Each structure stands twice: as structure tokens, then as C-alpha cells.
Amino acid sequence: MKTAGLTTVIVLLFALPLLVRQPYYIHTFIITLIYVILVSSLRLVALSGQVSVGHAAFMGIGAYFSAIISKEFGVTPWLTIPLGGLASMAVAVLVGFPFTRVRAIYFSMVSLFGGIMIVNLIRVAKRWTGAAGLAGIPPLTPIEIPGLVTITFLGQKVPHYYFTLLLTLVCLLCLHRLEHCRIGMTWKGVAQSHLVASSVGINEAGLRVLALAVGCFFAGIAGAWYAHYNLVVTPNTFGFLPSIFLVMYMLVGGRDRFAGPIVGTAILVMVPEFFRSLKEFAPLILGGIMVLVVFLMPRGIAGLFDQIGAHRGAPARKEAKNAA
Amino acid sequence: MGIELLGQVSINALMLSSMYILMALGFALLLSIMGVVNFAHSVIYMAGGYICYQFAVVFGVNQWLSLVVATLIMAFLGFFLERYCFRPFFGDPDRTIVIALALIVLLESSVNILVGSYVRSLPSFAPGVLRWRGVSLSVERLVTFIIGAVLMFALILFIRKSKIGQQMLAVAQESVGAALQGINIYRVSAVATVIACGLAAVAGSLMGAINNLNPYMGDQMLVKAIEVVILAGIGSIGGVLGAGLILGTLDSFLPLLLSGSATDAVGLAIVILILLFRPQGLFGHEA
Numbered sequence: 087m088k089t090a091g092l093t094t095v096i097v098l099l100f101a102l103p104l105l106v107r108q109p110y111y112i113h114t115f116i117i118t119l120i121y122v123i124l125v126s127s128l129r130l131v132a133l134s135g136q137v138s139v140g141h142a143a144f145m146g147i148g149a150y151f152s153a154i155i156s157k158e159f160g161v162t163p164w165l166t167i168p169l170g171g172l173a174s175m176a177v178a179v180l181v182g183f184p185f186t187r188v189r190a191i192y193f194s195m196v197s198l199f200g201g202i203m204i205v206n207l208i209r210v211a212k213r214w215t216g217a218a219g220l221a222g223i224p225p226l227t228p229i230e231i232p233g234l235v236t237i238t239f240l241g242q243k244v245p246h247y248y249f250t251l252l253l254t255l256v257c258l259l260c261l262h263r264l265e266h267c268r269i270g271m272t273w274k275g276v277a278q279s280h281l282v283a284s285s286v287g288i289n290e291a292g293l294r295v296l297a298l299a300v301g302c303f304f305a306g307i308a309g310a311w312y313a314h315y316n317l318v319v320t321p322n323t324f325g326f327l328p329s330i331f332l333v334m335y336m337l338v339g340g341r342d343r344f345a346g347p348i349v350g351t352a353i354l355v356m357v358p359e360f361f362r363s364l365k366e367f368a369p370l371i372l373g374g375i376m377v378l379v380v381f382l383m384p385r386g387i388a389g390l391f392d393q394i395g396a397h398r399g400a401p402a403r404k405e406a407k408n409a410a
Numbered sequence: 005m006g007i008e009l010l011g012q013v014s015i016n017a018l019m020l021s022s023m024y025i026l027m028a029l030g031f032a033l034l035l036s037i038m039g040v041v042n043f044a045h046s047v048i049y050m051a052g053g054y055i056c057y058q059f060a061v062v063f064g065v066n067q068w069l070s071l072v073v074a075t076l077i078m079a080f081l082g083f084f085l086e087r088y089c090f091r092p093f094f095g096d097p098d099r100t101i102v103i104a105l106a107l108i109v110l111l112e113s114s115v116n117i118l119v120g121s122y123v124r125s126l127p128s129f130a131p132g133v134l135r136w137r138g139v140s141l142s143v144e145r146l147v148t149f150i151i152g153a154v155l156m157f158a159l160i161l162f163i164r165k166s167k168i169g170q171q172m173l174a175v176a177q178e179s180v181g182a183a184l185q186g187i188n189i190y191r192v193s194a195v196a197t198v199i200a201c202g203l204a205a206v207a208g209s210l211m212g213a214i215n216n217l218n219p220y221m222g223d224q225m226l227v228k229a230i231e232v233v234i235l236a237g238i239g240s241i242g243g244v245l246g247a248g249l250i251l252g253t254l255d256s257f258l259p260l261l262l263s264g265s266a267t268d269a270v271g272l273a274i275v276i277l278i279l280l281f282r283p284q285g286l287f288g289h290e291a
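From first to last, the protein sequence lines are chains A and B.
When you read off a place in the first sequence, starting at 1, and then add 86, the result is the number in this note's numbering.
When you read off a place in the second sequence, starting at 1, and then add 4, the result is the number in this note's numbering.
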């Protein structure tokens, strides 16, 4: 049943451009998909017990790196997007070793400072980043399959949508595999107790750096993709508030489940966009959803299934107890 | 550097420090007593400034009176906040963070709807310039510093000397142990939240007169407050004073040499560096 549901969702997502014609809605879906990658990668970092509050800055590193390389050296974005991910990962490794000296709330706050610092440094490096914003980023170069088709991207929403969807699915698959392989289990162990983990010979500091690096790699890719889609990047997109909003999407969706960040992002990014006609009242709907979730769903939206399951299971368990 | 500039920068440093400390004390109280990372502190600061503006400029009330009214309203909001937003989620940091973020979204957009997002400014609380031996100082900044200093020493005295202050310290150390000793931890956290929100409103109104009011003015201040708390070490009240002075001084002397963004980056780099060598903060005792 689970596979059937998943297949339906994916088929629907592929059929979406046929159902929805307005470019604006397609744009909303593209942005949502990019944020799904980001928030899911943030959850991967959080698996190892460290909630990063500077994740948007790592998206910014990927975005600026890829944009600058492709703009200044004329390299095709198809090559610079993975490079953007690697750049973000390199920075994560570099800051990871010192940052993982601190734990829990201190780590969150240090990552918050680190994120703001990165954004400030982007503003300072005027020569390359143009301080207030970088425009004229080259779009994705057309793909030509000789004799078959030519896919152009400039100004086209639908090809962008399909490639973003593919990228998101690939990234989610990687993240899902990572979580359920041995490393993922070790990360969860480190999160539960770093003392126990290190006492059985697990290099917990190294693993925490690894989690940060892998998470930031995907964030960098998402950022680079965003840069070549949007063609303009500004430092404010990667600042303090965007970073806490990523954490918010994760928590509202529910961080216990893989689906949590996906559901949370889908609802919190898309709902205010669809109520755009309400102008400044739209954020109130967002706030309302958050308040509802906090009061009614203690484990986030995705945790609702567990809640229902527990509710249904309760009488059964009582009977079992009586029988015993 | 001339003596004139030195005098002005010093008074600026003291003023900034006192405002950072007021914000940081509130944030630190909530963090150590309830374990709440109250990101909503920024919007309470902002809302305090706007309420003061509303009373002083729109209703034409005396400005000092509007400051008091803004403080009282925000303190009342703090009472409400603790009772209905933090208490139900005691011991669940994830949900308190979400509710704090929901407050940011709700209050910021409410201010946007009610007064618009363009910049407003409160008139100066104490206009005029003080001249002394060729050094001219802004009276407003001096008054702001004095108010901040008086409030923070009053709070520290309150925590050190009063019964409920001592209870706060006990709850901060070990809330279950404190509850077992018969301390009503909910009452203690209610008092702490009321104080924190009131102080944020005072800081917001005073800073609203010195800089400008806009719906996003709290973000910068919140980051500074968090920097001060983390630099001081969670649980250290005296440390907040030291850390606040360090950051305030950095933030007023560095702009003489660097641009705005570079100043922030250097300040943050210094905080991160200190934390790497002392992960528990400058004055904290445990990690």
C-alpha cells in the first residue's frame, strides 16, 4: 500500500504540468521542490543530533559558487552545480571540525553565528558577489540529443519543472538510502548518546562532521540549482530568517519521519503562495497553520499517522493486557 | 583618534552594551529557567517599539508615559505567552521553538497590516547635546545608557536578593529538584517571562528613538542577544554583563575601521573563536 501511494504521488507530480497551466503555479512547485531538498538535507544533519540553524547559508555558498564560476569562466551550469555542492561540502568540513566541539543548543547557536557570518562575508566580497545581489547568472544550457530533441531552459518553466523533480527524487533517494544504511543508524546512535557511541569505538566527532558535510552537499546542490533557475541571487535569501524557517519547515513536518520535511515544506511553502491574493494577510495563514500543528500534532504533521495508529492501537493493547 | 570621537564612541559603546544586556538578560532567563529558545524575543522588542510609537506619536501621550505603557502591555503579553504558549509544552523544545516562530510570523505580519512596512521613527526621548571640555555627547544616548544600567542592576539585585529571584536560580539549576523543594516552577517561569518581555519592550522603545522602527528591526538585536548569552555561557547572569560590554564595545569601535557587514562578520568570528576554546562560554561552568 505504501508503494502504491508513493507511485501515485510521483505519477501525479509528473503529470502536474499537464493539469496546471499557469506558469506562476509551476514556479511555486519548482521552489517547493528545491526547498524539499534543503529541508530533507537539514533533517539528515539533525539525525546526528545537531540541529543546524545556519543551513540556508550553505545553500548560499553553493548558489554563489556555481553562479560565479559559470559567469566568470563560462563553464556550463551542468558542471558547476555539482561543483557548488562540493564547495558547500568543503566549507562544511572546514567549519565542521571546530563546530562539532560544541553540542546541542551550543551547536545550534554556533551554526547560527556561522551562517550569518557566511552571509556577511558574501556581502563583503563585492568584487565577485556584487554585495546586494548577483544578477546575470547564466541559465542552464540547452540539452541536445542529436536527431531527437533539443530542450531549452531559458524562460521555460516546464522543462525546469521536470528536471527539478528528477533532481529532487534523486536527492531524496540518496538521503533515504543514507539514513537507512549503517552510517544512518550510527548517526542516530550518536544522537541518542555520544558517550555510549564513543565507548563502543565509534568516531562520533568524525561522524558528526560527516553528517554536516553530506547535508551541506545537498544544500549546496539545491542552492546552485536555485541560482541557475532564478538567475538572480541576493544574500538575504540565505540569511538568518531563511535559516530558521528551514528549521521550522522540518519541525512542523515532523523530524521523526523521512516524509516529515517533505510534507512540512509542501504545506508551509505552497499554502501562503496560493493565498497570495490576500497580500499581507497571507503570513497570518502560515502562522495559523503553525499554531494548529503545535497544539494538535505533537510530533509534526507526518507524526499524525503515528498518533492515529496509537489511538487505534490503544483498545487492542488494553485487551491484550486484560487477557494476560 | 581625537578625544571628541573617542568620547562619542565610548558613550555609544556603553549605550549599545546596555541595550544588548537588557535583551540578553531576558533571553537568558527564559533559556535557563524554562529551556525555551525564545526566537520571538525579536518581535517583542519590535512590538514594544511600535506600541510606544502608537501612544506617543499617534495618540499624543507623553513619551515617557508611552514607554511605561508599552512595557506594561508587553509584560502582560509575556504573562499570556508563558501561560498559553510555553507552559503546555514544558520540556519539549521542538514545539516551543515552533510556537516562538509562529509568534514571529503572526506579530510581524500584524504590524505590517496595521502600520505598514515602511520605516517610522520615534522622536528623541531626551533631545540635546551635552558639552563638556570640548567633547559633545548626545544626551539621548547617555539617558538610554543610564536607563539600561539601572534596569539591569535592579534585575540582578532582584535575582540575588528576593525570594522569587533565588527560586529562579534554583529552577535554572535543576527544575525537578526545585519543584521537589516546594517551589512553584510555573509561577517562577511566569515572573521570568513577564520580566523578559518588559525589558525587551523597554529596549525596543529606546532603540526605536535612536535608530528607526521597522517590522524587522528585532532580527539584528536578537542575534546580538543570542551572541551575548552564548558568549557569557548559559546560566551565568553576571557573565551576561561582561559579554554584553565586550560585544557593545566591538560593535561601536569596529565600524570606525570596517564596513557594516564586515563588522558583523568580525564580531561573529570573535564569538565563534572564543567558543571553540571555551565551549561552555566565557563565564559558564559546564558544557
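For glycine and all other residues, C-beta sits at the position ideal for the given N, C-alpha and C.
The structure presented is a predicted model; accordingly, all values stated were derived computationally and were not measured.
Review point. Which residues in chain B sit within 8 Å of VAL125(A), going by Cβ to Cβ distance?
Key: For the C-beta of VAL125(A), not a single chain B residue is nearer than 8 Å; the gap to the nearest is close to 14 Å.
Review point. Under a CB-based cut-off of 8 Å, is TYR192(A) close to chain B?
Key: TYR192(A) belongs to the set of residues whose beta carbon lies under 8 Å from a beta carbon in chain B.
Point to revise | Proximity test, Cβ basis, 8 Å: VAL97(A) and chain B | key: Chain B, which has no Cβ nearer than 8 Å to the Cβ of VAL97(A), makes this no.
Review point. If ALA27(B) and MET225(B) are in contact, beta carbons under 8 Å, what's the gap, nearest whole angstrom?
Key: This sequence places Met at residue 27(B); Ala is not what is there. Between MET225(B) and MET27(B) the Cβ distance is about 6 Å, and since that is below 8 Å, they are a contact.
Practice item. Output the boundary residues of the alpha helix (DSSP H) element that contains ILE37(B). Key: ILE37(B) -> alpha helix (DSSP H) spans 7-38.
**Study point:** Listed by chain order, chain B residues near ASN206(A) by CB distance under 8 Å
**Key:** Under the 8 Å cutoff, chain B gives SER265, ALA266, ASP268, ALA269 and LEU272.
Check your understanding: For SER140(B), does the three-state DSSP call read helix, strand or coil?
Key -> Three-state result, SER140(B): strand.
Check your understanding: Who pairs with LEU220(A) in a beta bridge, going by DSSP?
Key -> Under DSSP, LEU220(A) forms a beta bridge with VAL319(A).
Review point. List, in order along the chain, the chain B residues whose C-beta lies closer than 9 Å to that of MET356(A)?
Key: Within 9 Å Cβ-Cβ: nothing; MET356(A) doesn't reach chain B, min ~16 Å.
Exercise for review: Keeping to the same chain, check which residues put their C-beta closer than 8 Å to that of PHE193(A); ignore five residues upstream and five downstream.
Suggested key: Take PHE193(A), set aside five residues on each side of it, and the residues of its chain with a beta-carbon closer than 8 Å to its own are GLN136, VAL137, SER138, PHE185 and THR186, in chain order.
Point to revise | is_contact[VAL377(A), chain B] using C-beta, thresh 8 Å | key: Yes, its Cβ sits closer than 8 Å to a Cβ of chain B.
Check your understanding: My guess is that VAL125(A) and LEU298(A) are in contact by the Cβ rule of under 8 Å, so how many angstroms apart are they, rounded?
Key -> Contact between VAL125(A) and LEU298(A) does not hold, since their C-beta atoms are separated by about 16 Å, which reaches or exceeds 8 Å.
Practice item. For ALA130(B), collect the residues of the same chain with a Cβ closer than 6 Å to its Cβ; drop the 5 residues on either side in sequence, then sort them by chain order. Key: Answer for ALA130(B): VAL143, GLU144 and VAL147, listed in chain order.
Review point. Since ARG99(B) meets chain A, which of its residues come closer than 7 Å, beta carbon to beta carbon?
Key: Those are VAL380 and PRO384, listed as they occur along chain A.
**Study point:** Cutoff 8 Å: PRO259(B) Cβ touching any chain A Cβ
**Key:** No - not a single Cβ of chain A is within 8 Å of the one on PRO259(B).
Review point. Buried or exposed: which applies to TYR49(B), given that a residue is buried once 16 or more other Cβ atoms fall within 10 Å of its Cβ?
Key: Buried.
Point to revise | Candidates GLY181(B), ILE230(B), LEU280(B) and VAL270(B), of which the one nearest MET23(B) by Cα | key: Considering only alpha carbons, the answer is ILE230(B).
Check your understanding: Could one say the Cβ of ASN116(B) lies closer than 8 Å to chain A's Cβ atoms, at least one of them?
Key -> Among the CB atoms of chain A, one or more fall inside 8 Å of the CB of ASN116(B).
Review point. In chain A, which residues lie less than 9 Å from ASP223(B) when you measure between Cβ atoms?
Key: Chain A residues near ASP223(B): GLY325, PHE326 and LEU327.
Practice item. For the alpha helix (DSSP H) containing GLU231(B), list its first residue and its last residue. Key: Where GLU231(B) is concerned, the enclosing alpha helix (DSSP H) stretches over 221-236.
Exercise for review: Using a Cβ cut-off of 8 Å (strictly closer), state whether ALA147(A) contacts chain B.
Suggested key: Inspection of the sequence shows that residue 147(A) is occupied by Ile rather than by Ala. So no, ILE147(A) is outside the interface.
Review point. Does any residue of chain B bring its CB to less than 8 Å from the CB of GLU290(A)?
Key: For GLU290(A), the answer is no, since every Cβ of chain B falls outside 8 Å of its Cβ.
**Study point:** At least three beta-carbon pairs within less than 8 Å, the segment 205-216 of chain A to the segment 259-267 of chain B
**Key:** Yes: the two stretches touch, three or more of their Cβ pairs being nearer than 8 Å.
Practice item. Using a Cβ-Cβ cut-off of 8 Å, state whether LEU279(B) counts as contacting chain A. Key: It does; some Cβ of chain A falls within 8 Å.
Point to revise | As assigned by DSSP and simplified to three states, the class of ILE288(A) | key: Coil at ILE288(A), not helix or strand.
**Study point:** Interface flag, SER179(B) vs chain A, CB-CB below 8 Å
**Key:** No, its Cβ sits nowhere closer than 8 Å to a Cβ of chain A.
Practice item. Tell me LEU251(A)'s beta-bridge partners as DSSP assigns them. Key: LEU251(A) pairs with nothing; no bridge assigned.
Practice item. Can you grab the Cα-Cα spacing for the pair LEU249(B) / ARG189(A), in whole Å? Key: Distance between the alpha carbons of LEU249(B) and ARG189(A) is about 26 Å.
Exercise for review: State the Cα-Cα distance for the pair LEU332(A) and GLU8(B), rounded to the nearest angstrom.
Suggested key: The alpha-carbon atoms of LEU332(A) and GLU8(B) are separated by roughly 46 Å.
**Study point:** Range of the contiguous alpha helix (DSSP H) that encloses VAL65(B)
**Key:** No alpha helix (DSSP H) contains VAL65(B), which DSSP labels as neither H nor E.
Exercise for review: Taking C-beta pairs closer than 7 Å, name the residues in chain B that PHE367(A) reaches, listed in chain order.
Suggested key: Listed along chain B, the residues sitting closer than 7 Å to PHE367(A) by beta-carbon distance are ILE117.
Review point. Going by alpha carbons, who is nearest to ALA305(A) out of PHE381(A), CYS257(A) and THR236(A)?
Key: Looking at the Cα atoms, CYS257(A) is the closest of the given residues.
Check your understanding: Taking Cβ to Cβ, would you say LEU81(B) is nearer than 8 Å to CYS201(B)?
Key -> LEU81(B) places its beta carbon less than 8 Å from that of CYS201(B).
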